[in-house]
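Peer 1:
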Ligand code: FES
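What follows is the structure, encoded as structure tokens:
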């Protein structure tokens, strides 16, 4: 078989799938090359079955030629003391690495493998309203961030997290553990109009719960409140060193009541009596499952009276 090297600057024809830089003769970037492959693979999937099998056979035949040539080049360079450092240098080049990975001549790095694994499980997570991002792999541990339904303590979110964990451990040989990173901290913002008490707070959904001195320090007090518009809420107020915080009386795990939770005043935590999920008592952040959160309700103290907003 003979080959010719095209003078790209003199080549005025442009393939339908070519990139703009390919048309101008400049070296295409890694992103352009990868994008071109992705577009071609998508176009292939849309062909009629007969045309697709011809195209796939052509692709397989061309790849087999490329792979055979690349294996020879890599073997020779590996065996040559002078060429070996050049080979290792080349493998660090993203395009060369992609080429050798595609032909399975070098093993993809753990991050590439990990992202491939997540591509497989992502549809299942997304069908339940969740998602996952691989942040880094370090010392055999994959650090991921979870969002949507993957967060929380519910059984379904635990199942989704287990799915990510087992897929990563099975699919990436160097990974032996998966750790979930907390999501970026975000301030708890209460809209200004939710805090404003007009001339008649009851019309704004505020309900008087109790006088402040009736809420004992170091304890949880429960209130069943109904707003003027009929909104009902079971609420707990946590008093930790005279700092009051109101939450809806529902554990983030299975929504069971928290008014019998164990309060640890020294550690500043609440522990759910049902299955033991532990929360920061003043922020409601779940310490057992990063990302899960108790629902905090707007609260204010006016003239020693504790008001909680439960509706509009
Ligand atoms: S309901 Fe299960 S830990 Fe709270």
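In the working numbering, the protein residues as written are 59 to 370.
All C-beta atoms, glycine included, are put in the ideal place defined by N, C-alpha and C.
The structure displayed is predicted, hence computed values, not measured ones.
Under 8 Å: do the segment 305-314 and the segment 331-343 share three or more Cβ pairs, one atom per stretch?
Peer 2: Taking 8 Å as the limit for Cβ pairs, the verdict is that the segment 331-343 does touch the segment 305-314.
Peer 1: What does DSSP give as the partner residue(s) for residue 365 in the beta ladder?
Peer 2: Its beta-bridge partners are 266 and 358.
Peer 1: Could you name the residues of the same chain whose beta carbon sits closer than 7 Å to that of residue 183, not counting the 5 residues immediately before and after it, in chain order?
Peer 2: Closer than 7 Å at the Cβ level, and outside the excluded window around residue 183, lie 189, 190, 208 and 218.
Peer 1: Taking residue 316 as the reference, give the member of 106, 265, 352 and 118 with the closest Cα.
Peer 2: The shortest Cα separation from residue 316 among 106, 265, 352 and 118 belongs to 352.
Peer 1: Leaving out five residues before and five after residue 201 in sequence, what residues of the same chain have Cβ atoms less than 6 Å from its Cβ?
Peer 2: Taken in chain order, the residues that qualify are 193, 194, 237 and 239.
Peer 1: Hey, would you say residue 89 sits closer than 9 Å to residue 102, going by beta carbons?
Peer 2: Their beta carbons are not under 9 Å apart, which means residue 89 does not touch residue 102 by this criterion.
Peer 1: Just the residues with CB closer than 5 Å to a heavy atom of the ligand FES, in chain order, which are they?
Peer 2: After applying the 5 Å Cβ criterion, the set is 309, 311, 312, 314, 330, 332, 333 and 335.
Peer 1: Taking residue 231 as the reference, give the member of 221, 198 and 204 with the closest Cα.
Peer 2: It is 198.
Peer 1: For residue 146, count neighbouring C-beta atoms within 10 Å of its own C-beta (all shown protein chains included) and say buried if the count is 16 or more, exposed if not.
Peer 2: Residue 146 should be labelled exposed.
Peer 1: For the beta strand (DSSP E) containing residue 232, list its first residue and its last residue.
Peer 2: Looking at the DSSP string, residue 232 is not in any beta strand (DSSP E), and its letter there is neither H nor E.
Peer 1: What first and last residue would you give for the beta strand (DSSP E) that runs through residue 327?
Peer 2: Per DSSP, residue 327 belongs to the beta strand (DSSP E) from 327-329.
Peer 1: Pairs of beta-carbons, one from the segment 158-170 and one from the segment 135-145, closer than 8 Å: are there three or more?
Peer 2: Taking 8 Å as the limit for Cβ pairs, the verdict is that the segment 135-145 does not touch the segment 158-170.
Peer 1: I'd like to check one pair, residue 368 with residue 291: are the Cβ atoms closer than 9 Å?
Peer 2: Their beta carbons are under 9 Å apart, which means residue 291 touches residue 368 by this criterion.
Peer 1: On the premise that residue 365 lies in contact with residue 266, defined as a C-beta separation below 8 Å, what is that separation, rounded to the nearest angstrom?
Peer 2: Indeed they touch by this definition, with Cβ atoms about 6 Å apart.
Peer 1: What are the boundary residues of the alpha helix (DSSP H) that includes residue 279?
Peer 2: Premise fails: residue 279 lies in the beta strand (DSSP E), 277-284, not in any alpha helix (DSSP H).
Peer 1: Tell me where the alpha helix (DSSP H) around residue 183 begins and ends.
Peer 2: Looking at the DSSP string, the run of the alpha helix (DSSP H) that includes residue 183 is 168-185.
Peer 1: For residue 91, collect the residues of the same chain with a Cβ closer than 7 Å to its Cβ; drop the 5 residues on either side in sequence, then sort them by chain order.
Peer 2: Excluding positions up to five away in sequence, the list reads 153.
Peer 1: Assuming residue 311 contacts residue 330 under a Cβ cut-off of 8 Å, what Cβ separation, rounded to an integer in Å, is found between them?
Peer 2: Right, their Cβ atoms sit about 7 Å apart.
Peer 1: State yes or no: is the C-beta of residue 338 within less than 9 Å of the C-beta of residue 269?
Peer 2: Contact: no.
Peer 1: For residue 278 and residue 346, I'd like the C-alpha separation in whole angstroms.
Peer 2: The alpha-carbon atoms of residue 278 and residue 346 are separated by roughly 20 Å.
Peer 1: Which residue spans inside the segment 303-347 form an unbroken beta strand (DSSP E) run of at least 3?
Peer 2: DSSP runs (the beta strand (DSSP E)) wholly in the segment 303-347: 320-322, 327-329 and 336-338.
Peer 1: Run the CB neighbour count on residue 350, radius 10 Å, all protein chains shown included, and call it buried at 16 or more, exposed below.
Peer 2: Buried, since its Cβ has 16 or more Cβ neighbours within 10 Å.
Peer 1: Relative to the alpha-carbon of residue 313, which residue among 140, 288 and 334 has its alpha-carbon at the smallest distance?
Peer 2: Checked all of 140, 288 and 334; the closest Cα to residue 313 is 334.
Peer 1: In the DSSP assignment, find the beta strand (DSSP E) that holds residue 191 and state where it starts and stops.
Peer 2: First-last of the beta strand (DSSP E) with residue 191: 188-196.
Peer 1: Under the three-state reduction of DSSP, which class applies to residue 199: helix, strand or coil?
Peer 2: Note: residue 199 maps to strand in three-state DSSP.
Peer 1: Using a 10 Å radius around the Cβ and a threshold of 16 neighbouring Cβ atoms, would you call residue 105 buried or exposed?
Peer 2: Per the 10 Å Cβ criterion, exposed.
Peer 1: Please report the Cβ distance between residue 326 and residue 298, rounded to the nearest whole angstrom; I am assuming they are in contact, meaning their Cβ atoms lie under 8 Å.
Peer 2: Sure, about 6 Å apart at Cβ, within 8 Å.
Peer 1: Need the endpoints of the alpha helix (DSSP H) that residue 89 sits in, please.
Peer 2: Here the alpha helix (DSSP H) through residue 89 covers 88-103.
Peer 1: Applying the 10 Å Cβ sphere with the 16-neighbour rule, what's the burial state of residue 108?
Peer 2: By the neighbour-count rule (16 or more Cβ atoms within 10 Å), residue 108 is not buried but exposed.
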